[in-house]
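Just so we're aligned: 53 in our numbering is position 28 of the sequence shown, and the numbers increase by one with no gaps anywhere. Below is one structure, written out as structure tokens, with a few remarks after it.
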Amino acid sequence: MKEQLIKLEQEVLQELEKASRKELNELRVKVFGKNGLITNLSKGMRDVPSENRKEIGQLINQTRSLLEEAFAKKEQEIENAELEKSLESEKIDITEPSKDIKIGALHPTSDIIDKLTDICVDMGFSVVEGPEIETDYYNFEAMNIPKNHPSRDMQDTFFITDEILLRSQTSAVQAREMEVRKPPFKIVCPGKTYRNDSDATHSPVFHQLEGLVVDENISMADLKAMLSTLMKRLYGEDTYIRFRPSFFPFTEPSIEVDLSCPTCHGKGCNICKGTGMLELLGAGVVNPKVLEMSGIDSKKYRGFAFGFGLDRAGMLLNGISNIRSLFKNDIRFLQQMKGEKK
Ligand code: DAH
26 MKEQLIKLEQ EVLQELEKAS RKELNELRVK VFGKNGLITN LSKGMRDVPS ENRKEIGQLI
86 NQTRSLLEEA FAKKEQEIEN AELEKSLESE KIDITEPSKD IKIGALHPTS DIIDKLTDIC
146 VDMGFSVVEG PEIETDYYNF EAMNIPKNHP SRDMQDTFFI TDEILLRSQT SAVQAREMEV
206 RKPPFKIVCP GKTYRNDSDA THSPVFHQLE GLVVDENISM ADLKAMLSTL MKRLYGEDTY
266 IRFRPSFFPF TEPSIEVDLS CPTCHGKGCN ICKGTGMLEL LGAGVVNPKV LEMSGIDSKK
326 YRGFAFGFGL DRAGMLLNGI SNIRSLFKND IRFLQQMKGE KK
């Protein structure tokens with residue numbers, strides 16, 4: 026039995042010496058498996074006379090631990106060799122020129138939102154957001170546009186139920202904010218708006234930025250100074266604005282604000298159709314009825330408000346002629362948006 030064990034030990038150690046990972050595993054089964062050599066020897070203990078059993082048992086155990094150790098050592102060796110090999114083959118050549126890294130660009134609409142809100146924050150405005158799925162009350166009624174009133178025809182939107190709709194104007198946030206804020210306050214709200222409109226310059230989904238200032242002694246002069254500064258910062262120092270009388274149910278008086286064309290600087294070109302001016306936003310002094318409906322004392326406070334078409338403002342800034350380019354997701358168009366902008 027003793028010789029048998031020594032022979033087994035030597036044979037296994039020899040085989041182990043030159044074993045690959047696969048052979049190591051096979052050898053492990055051959056030695057320690059269910060019907061393995063060592064296992065069978067242990068089973069054979071039954072036939073060993075009882076006076077020799079202790080000694081033989083010890084010898085088998087010694088051989089088992091010796092072999093187990095040898096297996097573990099070999100396994101470690103194989104692992105080290107494999108690691109070395111992979112480190113060698115995966116070596117990074119730091120002198121190799123890098124692949125072209127593709128850098129994206131901000132979408133023109135995100136870009137204009139960032140620029141406008143940055144300027145407004147500099148002027149002391151807080152940036153807020155409102156829901157795109159809005160109630161009829163906030164979108165229309167609280168803006169002094171009662172149910173069945175003809176002024177609703179100016180904005181045809183998408184109704185979900187009789188009382189819930191996709192907001193047609195960011196003006197809807199005005200009442201929401203007036204209900205929760207105490208004057209004086211200044212807010213701007215950028216976001217998506219929806220209307221049943223579709224041509225080269227109108228899309229059913231578009232973006233607006235709403236502004237609202239409520240304080241004592243607010244006048245048209247404050248509105249003009251604020252908008253003039255905003256436009257100069259956005260389109261350049263030589264930009265000027267023009268007020269035209271208009272109508273909005275939520276402002277009294279109401280105005281339409283035109284901007285000197287950023288492309289020709291007021292001289293006249295094909296973008297401004299030779300007029301030198303571009304129509305950009307609606308504004309006015311907040312109708313006292315709107316203040317009262319949202320719980321603000323119109324005897325004490327007044328306000329001004331303005332609403333911008335952001336897609337149009339971004340198109341002007343980037344010389345884009347068709348609004349659909351903004352939504353088509355054409356990589357060649359987005360590629361052109363890269364680089365230094367005004
Ligand atoms: N909400 C108006 C529109 O979508 C734009 C507007 C006009 C907003 C006058 C205002 C405002 O805040 O005072 O056509």
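The C-beta atom is built at its ideal place from N, Cα and C for all residues, glycine as well. This structure is a prediction, so every number in the text was calculated from the model and none was measured.
The ligand DAH heavy atom lying under 7 Å from the CB of residue i
i: E235; result: yes
i: G261; result: no
i: G216; result: no
i: A308; result: yes
i: T142; result: no
i: A330; result: yes
i: F273; result: yes
i: T182; result: no
i: T254; result: no
i: S279; result: yes
i: S323; result: no
i: D244; result: First, the amino acid is wrong: residue 244 is Ser here, not Asp. Checking every heavy atom of the ligand DAH against the Cβ of S244, none is found closer than 7 Å.
Short Cβ contact (8 Å threshold) for residue i with residue j
i: M203; j: I321; result: yes
i: K211; j: V238; result: yes
i: P278; j: N169; result: no
i: R337; j: L359; result: no
i: S253; j: Y219; result: no
i: G309; j: T276; result: yes
i: L52; j: E34; result: no
i: K217; j: E281; result: no
i: N343; j: P133; result: yes
i: G328; j: L341; result: no
i: K99; j: A44; result: yes
i: D283; j: R267; result: yes
Reduced DSSP category for residue i - H, G, I as helix; E, B as strand; rest coil
i: F96; result: helix
i: F183; result: coil
i: A167; result: helix
i: R258; result: helix
i: S285; result: strand
i: E154; result: coil
i: A330; result: strand
i: V310; result: strand
i: R267; result: strand
i: F57; result: helix
i: E304; result: strand
i: Q87; result: helix
i: Q9; result: The chain is shown from 26 up to 367; residue 9 falls before or after that span and cannot be answered.
i: F358; result: helix
i: E365; result: Here E365 scores only 46 on pLDDT, less than 50, and its place in the model should not be relied on; the value that follows carries that caveat. Coil, per DSSP.
i: E113; result: helix
Distance, residue j Cα to residue i Cα
i: Q361; j: M318; result: 47 Å
i: G69; j: E107; result: 39 Å
i: S223; j: L191; result: 16 Å
i: V54; j: I119; result: 45 Å
i: Y326; j: K314; result: 12 Å
i: L141; j: E113; result: 54 Å
i: D139; j: F150; result: 14 Å
i: D161; j: C294; result: 41 Å
i: C286; j: K298; result: 10 Å
i: I103; j: L91; result: 19 Å
i: K116; j: E42; result: 29 Å
i: N354; j: L131; result: 12 Å
i: Q233; j: E241; result: 26 Å
At a cut of 8 Å, does the region 337-351 reach the region 213-232 through at least three beta carbon pairs? Verdict: yes, contact present.
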